[in-house]
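Single-structure report; data block below.
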Amino acid sequence: MSKLLETIKIVNGTVPFLTFHQQRLNESRRQLFQIDDEINLGAAIEAPSTDFVYRCRVIYERAIEKVEYHRYEAKNFHCFKVIEANAIVYDFKYLDRTPINQLIAHKGSADDILIIRNGLVTDTSIANIAFWDQTKWLTPATPLLKGTTRERLLKTEYIETADIKLTDLKAFSKMALMNALLDFMVVENFSLEV
Numbered sequence: 000m001s002k003l004l005e006t007i008k009i010v011n012g013t014v015p016f017l018t019f020h021q022q023r024l025n026e027s028r029r030q031l032f033q034i035d036d037e038i039n040l041g042a043a044i045e046a047p048s049t050d051f052v053y054r055c056r057v058i059y060e061r062a063i064e065k066v067e068y069h070r071y072e073a074k075n076f077h078c079f080k081v082i083e084a085n086a087i088v089y090d091f092k093y094l095d096r097t098p099i100n101q102l103i104a105h106k107g108s109a110d111d112i113l114i115i116r117n118g119l120v121t122d123t124s125i126a127n128i129a130f131w132d133q134t135k136w137l138t139p140a141t142p143l144l145k146g147t148t149r150e151r152l153l154k155t156e157y158i159e160t161a162d163i164k165l166t167d168l169k170a171f172s173k174m175a176l177m178n179a180l181l182d183f184m185v186v187e188n189f190s191l192e193v
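Heads up: the sequence shown runs through residues 0 to 193, numbered per my numbering.
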């Protein structure tokens, strides 16, 4: 079985929203390995410094195998290549991203890809997404991966789920990318390459 990954943002020496990463890590272990004991993720993470934002990578299977720290700088995203991938499955945050990397290879000059599965919008290669319909933020009801930021924003009702087709995207004025590192990054002028 493939190794799993938690990607966690460390800001000023602290780990915001650690509870959501903790829940996903232990739930993944329960589902994939039938392990009921809980790992204390907070005890495994030590911020290298308080001066920078870090991307912490926790690699694990039944137990934590490795913790890595890398300085993090956010990238900008505006153009997304639409890729249809009906057979793709990425319901756990695996370390091996070969299926997604194979799709990224077709992005051309776009900043990232927008993955369509069975006629519905899912995610980009690195983030869950949401679209502004002039009154509320809607996120795909069937993402590839239920990310921790998406789960947090659903819980607070900041976003709502909906089935979103590619043809629906012309009705939305804004797009947002969400993951642990980006948090909720609004893209005002997004474009799609079909």
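The beta carbon of each residue, even a glycine, is placed where N, CA and C say it ideally should be.
Among Glu67, Lys65, Ile114, which residue has its Cα nearest to the Cα of Ala86? Within the sequence shown, numbered from 1, the residue matching residue 86 stands at position 87. Answer by Cα proximity: Ile114.
Roughly how many angstroms lie between the CA atoms of Gly194 and Lys80, to the nearest whole one? The structure shown has nothing for residue 194, since the chain only spans 0 to 193.
Suppose you measure from the CA of Thr141 to the CA of Leu40; what does that come to, to the nearest Å? Residue mapping note: residue 141 aligns to position 142 of the sequence shown, counting from 1. Residue mapping note: residue 40 aligns to position 41 of the sequence shown, counting from 1. Computed Cα separation, rounded: 27 Å.
Going by DSSP, what residues sit across from Phe130 in a beta bridge? Position 131 of the sequence shown, counted from the start, is the residue given in the question as residue 130. DSSP, once it has assigned bridges, lists Leu137, Met174 as partnering Phe130.
Throw me the rounded Cβ distance for the Ile222 and Leu176 pair, which I believe falls under 8 Å. Nothing about residue 222 can be read from this structure; the chain reaches only from 0 to 193.
Report yes if the CB atom of His77 is closer than 8 Å to the CB atom of Val186, and no otherwise. Counting from 1 along the sequence shown, the entry for residue 77 is found at position 78. Counting from 1 along the sequence shown, the entry for residue 186 is found at position 187. In this structure, His77 places its C-beta atom within 8 Å of the C-beta atom of Val186.
Is it true that the CB of Asp111 sits closer than 8 Å to the CB of Ile125? As a first step, residue 125 is located in the sequence shown; it is residue number 126 there, counting from the start. As a first step, residue 111 is located in the sequence shown; it is residue number 112 there, counting from the start. Result yes, Cβ atoms of Ile125 and Asp111 sit closer than 8 Å.
Grab the span of the alpha helix (DSSP H) containing Arg54 for me, first residue to last. Looking up residue 54 in the sequence shown gives position 55. No alpha helix (DSSP H) contains Arg54, which is instead part of the beta strand (DSSP E) from 53-59.
Can at least three beta-carbon pairs, one atom from the region 50-70 and one from the region 4-15, be found at a separation below 8 Å? A contact exists between the region 50-70 and the region 4-15.
CA-CA distance, Lys135 and Leu24? Residue 135 sits at position 136 when you count from the first residue of the sequence shown. Residue 24 sits at position 25 when you count from the first residue of the sequence shown. The alpha-carbon atoms of Lys135 and Leu24 are separated by roughly 30 Å.
Between Tyr93, Phe130, Leu180, Asp36, which has its C-alpha nearest Ser172's C-alpha? Counted from its first residue, the sequence shown places residue 172 at position 173. Ranked by how close their Cα comes to the Cα of Ser172, the residues Tyr93, Phe130, Leu180, Asp36 have Phe130 in first place.
Alpha-carbon spacing of Leu144 relative to Asn100, whole angstroms: On the sequence shown, position 145 is the one that residue 144 refers to. On the sequence shown, position 101 is the one that residue 100 refers to. One alpha carbon belongs to Leu144, the other to Asn100, and they sit about 15 Å apart.
Who are Leu119's beta bridge partners in DSSP? Along the sequence shown, one-based indexing puts residue 119 at 120. Its beta-bridge partners are Arg116, Lys164.
Can you list, in chain order, the residues of its chain whose CB lies under 7 Å from that of Asn178, leaving out five sequence neighbours each side? As a first step, residue 178 is located in the sequence shown; it is residue number 179 there, counting from the start. Annotation for Asn178: Ile125, Ala126, Asn127, Gly146, Thr148 place their beta carbon closer than 7 Å to its own, counting only its chain and skipping 5 residues before and after.
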